[in-house]
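Here the structure is laid out as structure tokens; the discussion comes afterwards.
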Amino acid sequence: MSPKKIKPPLTFPRSLTERPFHYCPGCHHGIAHRLLAEVIDELGIRERAYGVASIGCACFLYYYYDVDICEAPHGRACAAATGAKRARPELAVFTYQGDGDFAAIGLTESLHAAARGERITAIMINNTVYGMTGGQLSPTTLPGQRTTTTPEGRDPRVYGYPLKVAEILAQFPGVAFCARVAVNTPKRVLEAREALRRAFLAQLEDRGFGYVEFLSACPVNWKLDPVSAARKVDELTETFPLGVFRDLT
5 MSPKKIKPPL TFPRSLTERP FHYCPGCHHG IAHRLLAEVI DELGIRERAY GVASIGCACF
65 LYYYYDVDIC EAPHGRACAA ATGAKRARPE LAVFTYQGDG DFAAIGLTES LHAAARGERI
125 TAIMINNTVY GMTGGQLSPT TLPGQRTTTT PEGRDPRVYG YPLKVAEILA QFPGVAFCAR
185 VAVNTPKRVL EAREALRRAF LAQLEDRGFG YVEFLSACPV NWKLDPVSAA RKVDELTETF
245 PLGVFRDLT
């Protein structure tokens with residue numbers, strides 16, 4: 005009888021620094037950070053990884069990763085990432101942006117980078133509000149959702165409907181991988197990790213633009229405790245269904 009295979013113990017990702025995260029209790033940025041670092045380590049690309057942060061809760065990305073990080077002006081992360089990748093094609097370039105940054109002020113840069121099939125990996129954290137600047141209405145705020153700028157709830161007749169970014173990008177021929185994930189359950193964490201890996205492979209294998217959207221809890225701006233906020237992510241999936249929308253493998 006062969007000996008039982010023992011799984012190796014969990015180790016701290018090489019691509020993360022040991023600096024504690026500054027995020028609010030219950031925020032899912034920390035989980036997304038860990039998964040991104042694990043994927044960078046697994047693919048062996050730490051020495052050539054190049055991240056682009058922009059404005060928002062994750063603007064201090066360079067504190068947490070032991071890889072090269074550039075901070076772009078608000079909304080311009082995909083444009084800065086495009087420049088880096090075209091100048092240095094050997095780099096593994098990724099952006100890390102919030103829904104306001106990626107889909108509001110940066111919508112033009114995001115859409116056109118995807119339409120051109122830029123060989124970059126874009127990550128959008130969708131918590132349905134502007135998290136860092138006070139919880140204002142964002143492009144993904146749900147109908148009826150109360151924010152600091154929609155205190156009576158988002159009225160689609162006034163503010164329009166939320167943008168379904170993954171569904172939009174999945175229509176572009178230049179997009180090689182496009183998925184929406186969540187990290188509010190263990191199973192979903194594993195699925196999110198795999199989506200990130202496949203999004204990076206789309207770039208590394210020269211197939212096109214890779215995109216992963218995280219549905220993320222924002223307990224402070226949602227005015228919920230961390231456990232209730234994690235459960236509320238399930239409600240978000242009614243408007244933003246999870247899954248892989250495009251995979252050109």
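Okay, so the sequence shown: first residue is 5 according to our numbering, each after it adds one.
Heads up, the beta-carbon is just placed ideally off N, CA and C, and yes, glycines get one too.
For clarity, every value in this text was computed on a predicted model and none was experimentally measured.
Q: Pull up the distance between the alpha-carbon of I124 and that of F213, whole angstroms please.
A: Roughly 5 Å separates the two Cα atoms.
**Q.** Same chain, Cβ closer than 6 Å to L240, neighbours up to 5 away in sequence not counted
**A.** Sequence-distant partners of L240 (beyond 5 residues in either direction) whose C-beta falls short of 6 Å from its own C-beta, in its chain, are L219.
Q: With DSSP as the reference, label D72 as helix, strand or coil.
A: The answer is strand: DSSP assigns D72 an E or B state.
Q | Length of the line joining the Cα atoms of F244 and N130 | A | Distance between the alpha carbons of F244 and N130: 10 Å.
Q. I127 by DSSP, collapsed to three states: which one?
A. Reduced to three states, the DSSP call for I127 is strand.
Q: Could you work out which residue in K227, Q101, A81 is closest to T151 when comparing CA atoms only?
A: It is K227 whose Cα lies nearest to the Cα of T151.
Q: May I have a chain-ordered list of the alpha helix (DSSP H) segments no shorter than 4 residues that lie completely inside the segment 165 to 226?
A: The segment 165 to 226 contains these whole alpha helix (DSSP H) runs: 169 to 173, 190 to 208, 223 to 226.
Q.
For F16, list the residues DSSP reports as bridge partners.
A. Answer by DSSP bridge pairing: none, since F16 is not bridged.
Q | CB-CB length for C74 against A117, believed under 8 Å | A | For a cut-off of 8 Å, the C-beta gap from C74 to A117 is around 15 Å, too long to register as a contact.
Q | Assigned exposure category for Q207 - 16 Cβ within 10 Å defines buried | A | Buried is the call here.
Q) How close, in whole Å, do the beta carbons of G138 and S58 come, if the pair is a contact with beta carbons under 8 Å? A) Rounded to whole angstroms, the Cβ separation of G138 and S58 is 17 Å, and the two are not in contact under 8 Å.
Q: Sort out for me which residues DSSP pairs D251 with in a bridge.
A: Per DSSP, F181.
(Q) Suppose the cutoff is 8 Å on Cβ atoms and the five residues either side in sequence are ignored; what does the same chain contact list for H33 look like? (A) If the five residues before and after H33 are omitted, its C-beta is found closer than 8 Å to the C-beta atoms of F25, Y27, C61, A62, I129, S220, all from its own chain and listed in chain order.
Q) Nearest CA to the CA of D251: which residue from V71, R192, E242, E171? A) Minimum Cα distance to D251 is reached at E171.
(Q) Measuring only the C-alpha atoms, how far is V187 from E195? (A) Each residue's Cα considered, the two are about 8 Å apart.
Q) Taking the C-alpha atoms as reference points, what is the distance between D45 and R211? A) Rounded to whole angstroms, D45 to R211 spans 21 Å at the Cα level.
Q | Spatially closest choice to V185 from F64, F249, G164, by CA coordinates | A | Comparing Cα positions, the closest option is F249.
Q.
For G135 and V224, I'd like the C-alpha separation in whole angstroms.
A. A direct Cα-to-Cα measurement between G135 and V224 gives close to 8 Å.
Q: Measure from the alpha carbon of L173 to the alpha carbon of each residue in A183, Q101, Y69, G164, then state which is nearest.
A: Selection A183, Q101, Y69, G164 evaluated against L173 yields A183 as nearest (Cα-Cα).
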